[in-house]
Amino acid sequence: GVLMMCPMNNYLEQELDKRFKLFRYWNQPQQREFLTQQADSIRAVVGNATAGADAGLIDALPKLEIVSSFSVGLDKIDLIKCKEKGIRVTNTPDVLTDDVADLAIGLMLAVLRRICECDKYVRKGAWKFGDFKLTSKFSGKRVGIIGLGRIGLAIAKRAEGFDCPISYYSRSEKPNAENYKYHKSVVELASNCDILVVACALTPETTHIVNREVIDALGPSGVLINIGRGPHVDEPELVSALVEGRLGGAGLDVFEKEPEVPEQLFGLDNVVLLPHVGSGTVETRIAMADLVLGNLEAYFANKPLLTPVV
Ligand code: 8YV
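If you're matching positions, the sequence shown starts at 58 in the UniProt record's numbering and goes up one per residue.
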């Protein structure tokens, strides 16, 4: 049997139902009792960015052999425990890179050119009474990227098309990034860019990697873009910096306690708020679902996994 943790994609759910004995975790009124009853029949877990496989779930499922995540991020999976127990783990890299990078650029444009505010302006009929205020140019702005992995690199390539000088922070300097300037700390990166983008994985080391010091280094004309994970940013610090005008703006696809979004942000026009839709296109979600299914099929057919992590 396969245990799906929460609703994530209809096509994925239908295919899992066709090919395996599917248990829907979110439909169980008594989740603890359900786990005790079905403990011996669940060999696979399908999770996502919302619900994965934590230590408690892994301990409750002694027959668990594989966790196939409908996400590239692995922060909701206890990878150390999986390794210890010989549980395989797969994710959905590459297929979502374009979408997430596209959206990062979209957020930059939306924040600097006030696209959402402009749209509201037209809809409420305000144009008849005067032109919209002037906004900020995006082309040529200095873009700083935290994490130059698959997604960070795709954002860099796109921003290059807008003539943006690129700099980045990562644990070590990348050999494949000669055109991009490496900074050995996030504060140094933030001090030397106009737009700071979070594009790294969420780990204990990168939790609150954007803290007050980083926000202050970015400053009142700087813009923060987060398409990574909410906990990358100290959210109360971000909110007070935006409310007090110590940060120029923010484009956020992710939040610390999704779907909760700090309401103090709702009245700010220099902020664009998205409901975690980085990979949310029809095309990409099908490709992600096919990877989840392909990994499970490969595993149970004793074939090499398509996108193994553990
Ligand atoms: C998804 C994501 O939002 O890949 C990730 O890490 O955050 C997203 O693609 C999510 O897992 C879809 O349910």
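All C-beta atoms, glycine included, are put in the ideal place defined by N, C-alpha and C. Model, not experiment: these values are computed from the prediction.
- Distance from the C-beta of THR149 to the nearest heavy atom of ligand 1 is below 7 Å.
- Residue burial is scored here from C-beta neighbours: ASP111 has fewer than 16 other C-beta atoms within 10 angstroms and is therefore classed as exposed.
- For GLY209, same chain residues with a beta-carbon under 6 Å away, outside a window of 5 residues either side, are ILE202, ALA256 in chain order.
- Distance from ILE282 to LEU205 at the Cβ level is roughly 15 Å; contact not present, criterion being Cβ atoms closer than 8 Å.
- In terms of Cβ geometry, PRO277 and LEU259 do not form a close pair [threshold 8 Å].
- Shortest gap from the CB of MET61 to any heavy atom of ligand 1: 7 Å or more.
- As computed with DSSP, THR338 is found in no beta bridge at all.
- In this structure, PHE195 sits away from ARG215, with a CB-CB distance that is not shorter than 8 Å.
- Listed in chain order, the non-local C-beta contacts of ASN66 below 7 Å within the same chain comprise PHE127, ARG342, ALA346, local neighbours out to five positions each way being set aside.
- Of all C-beta pairs linking the segment 61-81 to the segment 90-101, three or more are shorter than 8 Å, placing the two stretches in contact.
- Residue pairing by DSSP places ALA110 opposite ILE134 in a beta bridge.
- Here the segment 146-165 makes no contact with the segment 174-187; the two share fewer than three CB pairs at distances below 8 Å.
- Ranking LYS241, GLY218, VAL318 by CA distance to the CA of SER229 puts LYS241 first.
- Contact check between the segment 288-303 and the segment 311-319: three or more CB pairs, one atom from each, fall below 8 Å, which counts as touching.
- DSSP, read as helix, strand or coil, puts ASN283 in strand.
- Scanning its chain for C-beta atoms nearer than 7 Å, with the 5 sequence neighbours on each side dropped, one finds around LEU362 the residues ARG145, THR147, ASN352, ALA355, TYR356, in chain order.
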